[in-house]
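Chains as they are written, first to last, in our numbering: chain C, 1 to 322; chain Z, 323 to 588.
No residue lacks a Cβ here, since even glycine has one placed at the ideal position from N, Cα and C.
Everything numeric in this text was worked out from a predicted model, so none of it was measured.
Report on the structure given below.
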Amino acid sequence: MTNKDGTGREPVLEVRGLTKKFGDFVAVRDLSLAVRRGDVYGFLGPNGSGKSTTIRTILGLIKPTSGEIRVFGRPVGGPGGREGLAGFVDAPGFYGYLSARDNLRILAAADKRKKEPPFARVLETVGLSERSRDKVKTYSTGMKQRLAIAAALLREPEFLILDEPTSGLDPGGMRDIRALVRRLAGEGLTIFLSSHLLVEIEQLCNRVAVIGHGRLLAEGTLAEVVQGTNGHLNYRLVVGDAEGALRVLEDSASSVAASSLDAETDRMEGTSGEEIRLSVGPEGAGPVVRELVTGGVEVRALVPVRPNLEDLFLELTEGGRR
Amino acid sequence: MIRWELYKLLRQRRTFLGLGAIALVPILFVTAIQITREGPDGGEVPFAAQLLENGLVVPLITLGFATFVLLPLVVAFVAGDSIAGETSAGTLKTILGRSVGRTELFFSKAAAVLVYCLVAPAVLVGVGLIAGYFAGGFEPLAGPGGAPISVGRGIALVWSGAGLVALPLLGLAAFAIFLSVTTQNSLGAGVGAVVLVLLLRLASGLGLAGPLEPYLLTSQFEAWLNLTRDPINWEPIIRSVWVSLLWTAAFLAAAWAVFVRRDVLS
């Protein structure tokens, strides 16, 4: 089977034109994305960007104002729409006065499956077997996150949605959850993982969508997205005279955006000179450097910059023109 | 799902605090009379001994007393917590992320609360019968017209009274569930339902209800007293049944309509 983007993998989740308004506030605006079988799909965005609203809509907790969501080709709102799908949104909610096992039993009852649910196996998978008879209110945040994953796995899903699964965890807890996600992906699950941590997405995901202010800002492989939107590449340029360089670049024929950096705080170690931040088109930095040199600017260093999340967002939301 | 909703109710402290408070009423009642009878000066408090001459009186008096505040209060808070408690604990989104439909979940929750409405007055009269029996044994009762009511009929009267009191409790629970769904606040829903009871009682007391008086939810709490008449006055009893069920159905339907449409945001 070949789908329209030619990856040859069946789409597991298709979101088309999703818009969700709360009164006048538009939480998600015309969002479209596709997750294909086998993906570990990162859904990256800062808090309040519309990640949770999108996930709630996928899980059927809220109704979209417009647009369509299909999971395994079936509309999520329709009969059997959540078949094969499991996941959670925000901090997982459990009955604190009941044991983990009782919580799982209640959720299994809500699953309406005839088959005996694999309680022991999912508890084993997330490493909670020994504490499964303890009340959930005695659990740490990390244990609750693991229980939430166990609860999702209880449905024996093919498609797993995890909303900020490492949120509120210490580094050890984060490592455990990431190892678990990697293992589940290795077992063939398609995973949709939301996060506001770029490093987490980098470690786990093969594809990523970036969302900000309810809009899709970028989608693609991590490399494509991190390199900047529209194939733009980012550099730090050390020059003898920043003002002169900016003047040259203003008249440049190349697709380039540049801004001077705060010389005090952003100066690279071991280089003297003034720094400029460059965002150049897919043709690379070569033409720009040539123009600078021709224009009489002394170029001392050109350092590619992998943007951190903050930069990436500024890049994506402001198009790099600052 | 109903089974699990009842199980959750059984495992919550709130449930037993309510039932415990209800069970305490007849026990405190009997104890208080025992203590006053054996007063410090050795003298008898007037009528106290008579009250305990017949233990059958205990469940009847405490039932009449508990319908004013305690039973509505306990039911209001349990019902008010039903949906809002899950919303604020974040468990509603967990459970709605599974395959169960919202309608089924709603009615399972409502059913568990309605069972509680039946259990609460049953606990009251059950404990009342036991406490009364040990305090004074059972004797035939004197009905309102002076005609004697046999012990057997007296016990049947006690249980039917509890059953009839449960009906307006169902209506009140439905109202509290409606508030629970709409306000998403457990405490607010419980308080709101109690305020409804107080306002209706106030309207009755001040004669503001006029021709609506027989159809107020609170008026139905007294219907069971007609069982003590000889012959039984069925008209207010039958009215109590349909009026209570109408309140129940109306607010459950309204709550359901909101619940199935609402966005689950917390």
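At what residues does the alpha helix (DSSP H) containing residue i begin and finish?
| i | result |
| --- | --- |
| E544(Z) | Looking at the DSSP string, E544(Z) is not in any alpha helix (DSSP H), and its letter there is neither H nor E. |
| L440(Z) | 424-458 |
| Y329(Z) | 324-332 |
| G402(Z) | 392-411 |
| A285(C) | No alpha helix (DSSP H) holds A285(C); DSSP gives it neither H nor E. |
| S502(Z) | 473-505 |
| V517(Z) | 508-527 |
| V208(C) | Counting along the chain, V208(C) falls outside any alpha helix (DSSP H), though it belongs to the beta strand (DSSP E) covering 207-212. |
| S52(C) | 51-58 |
Considering Cα atoms alone, identify which of the options is closest to residue i.
| i | options | result |
| --- | --- | --- |
| V71(C) | E200(C), P171(C), E158(C) | E158(C) |
| A179(C) | G188(C), I191(C), L204(C), L193(C) | L204(C) |
| T384(Z) | V487(Z), L518(Z), G474(Z) | V487(Z) |
| L494(Z) | F390(Z), R551(Z), G468(Z), V380(Z) | F390(Z) |
| E243(C) | R236(C), S195(C), E275(C), G220(C) | E275(C) |
| V248(C) | G38(C), E291(C), G281(C) | E291(C) |
| G412(Z) | P304(C), E200(C), A148(C) | A148(C) |
| I211(C) | G67(C), E68(C), L316(C) | L316(C) |
| F22(C) | P64(C), A223(C), N234(C), G286(C) | P64(C) |
| T570(Z) | I417(Z), P553(Z), L392(Z), A432(Z) | A432(Z) |
| E116(C) | D39(C), A285(C), L98(C), L104(C) | L104(C) |
| L382(Z) | L538(Z), W481(Z), L332(Z), V441(Z) | W481(Z) |
| D552(Z) | S430(Z), R523(Z), L479(Z) | L479(Z) |
| N234(C) | Y97(C), G67(C), E283(C), D251(C) | E283(C) |
| R29(C) | G281(C), D111(C), L216(C), S252(C) | L216(C) |
| L278(C) | E250(C), E124(C), G73(C), A110(C) | E250(C) |
| P334(Z) | L346(Z), F387(Z), G407(Z) | This sequence places Gln at residue 334(Z); Pro is not what is there. That would be G407(Z), whose Cα lies nearest to the Cα of Q334(Z). |
| L302(C) | L312(C), G281(C), V239(C) | V239(C) |
| V35(C) | V297(C), E202(C), P287(C), L189(C) | L189(C) |
| R523(Z) | E535(Z), V513(Z), F500(Z), G512(Z) | E535(Z) |
| A152(C) | P171(C), V126(C), S99(C) | V126(C) |
| G459(Z) | L378(Z), T353(Z), I355(Z), F497(Z) | L378(Z) |
| E10(C) | V297(C), E224(C), E200(C), R37(C) | R37(C) |
| V565(Z) | R584(Z), D585(Z), S541(Z) | S541(Z) |
| I177(C) | R121(C), E200(C), H196(C) | E200(C) |
| D111(C) | G77(C), D170(C), E83(C), S99(C) | E83(C) |
| R561(Z) | Y537(Z), A572(Z), V447(Z) | Y537(Z) |
How many angstroms separate the CA atom of residue i from the CA atom of residue j?
| i | j | result |
| --- | --- | --- |
| E461(Z) | F543(Z) | 26 Å |
| G273(C) | V299(C) | 9 Å |
| S508(Z) | S404(Z) | 8 Å |
| W546(Z) | S49(C) | 58 Å |
| D102(C) | P490(Z) | 33 Å |
| E375(Z) | L350(Z) | 17 Å |
| F43(C) | G186(C) | 19 Å |
| Y95(C) | V136(C) | 7 Å |
| P558(Z) | N548(Z) | 7 Å |
| L222(C) | Y41(C) | 10 Å |
| G364(Z) | A457(Z) | Low confidence applies here, because G364(Z) scores a pLDDT of 49, under 50, leaving its location unreliable; read the following figure in that light. Rounded to whole angstroms, G364(Z) to A457(Z) spans 19 Å at the Cα level. |
| T425(Z) | G60(C) | 14 Å |
| G214(C) | T409(Z) | 24 Å |
| M174(C) | R131(C) | 19 Å |
| V26(C) | L18(C) | 11 Å |
| E14(C) | V181(C) | 22 Å |
| S588(Z) | F581(Z) | 14 Å |
| R133(C) | M143(C) | 13 Å |
| E264(C) | L33(C) | Legend: pLDDT at E264(C) = 40, less than 50; position of this residue unreliable, value from coordinates given subsequently. Spanning the two alpha carbons is a distance of roughly 42 Å. |
Provide the residue span of the beta strand (DSSP E) that contains residue i, from first to last.
| i | result |
| --- | --- |
| L567(Z) | Run containing L567(Z): none in the beta strand (DSSP E); it sits in the alpha helix (DSSP H), 556-583. |
| V89(C) | Here V89(C) belongs to no beta strand (DSSP E), and DSSP marks it neither H nor E. |
| G102(C) | The residue asked about is misnamed: residue 102(C) is Asp in this sequence, not Gly. It is not in any beta strand (DSSP E) - D102(C) instead sits in the alpha helix (DSSP H) that spans 100-111. |
| F159(C) | 159-163 |
| P304(C) | 299-304 |
| A27(C) | 25-36 |
| P11(C) | 11-22 |
| V239(C) | 233-239 |
| T333(C) | This structure leaves residue 333(C) out entirely; chain C is present only between 1 and 322. |
| G42(C) | 40-44 |
| S194(C) | 190-195 |
| V71(C) | 66-71 |
Please check the pair residue i and residue j, which I expect to be a contact at CB under 8 Å, by giving their CB distance rounded to whole angstroms.
| i | j | result |
| --- | --- | --- |
| D163(C) | S194(C) | 5 Å |
| L328(Z) | V437(Z) | 6 Å |
| A442(Z) | L393(Z) | 6 Å |
| G80(C) | R74(C) | 6 Å |
| G402(Z) | A496(Z) | At roughly 11 Å, the Cβ-Cβ gap does not stay under 8 Å, so G402(Z) and A496(Z) are not in contact. |
Check your understanding: Per the contact definition of three or more C-beta pairs closer than 8 Å, is the region 396-403 of chain Z in contact with the region 448-459 of chain Z?
Key -> no
Review point. At a cut of 8 Å, does the region 565-577 of chain Z reach the region 496-509 of chain Z through at least three beta carbon pairs?
Key: yes
Review point. Should the region 47-62 of chain C be called in touch with the region 75-92 of chain C, which here means at least 3 C-beta pairs below 8 Å?
Key: yes
Review point. Do the region 414-430 of chain Z and the region 467-474 of chain Z make contact, defined as three or more Cβ pairs closer than 8 Å?
Key: no
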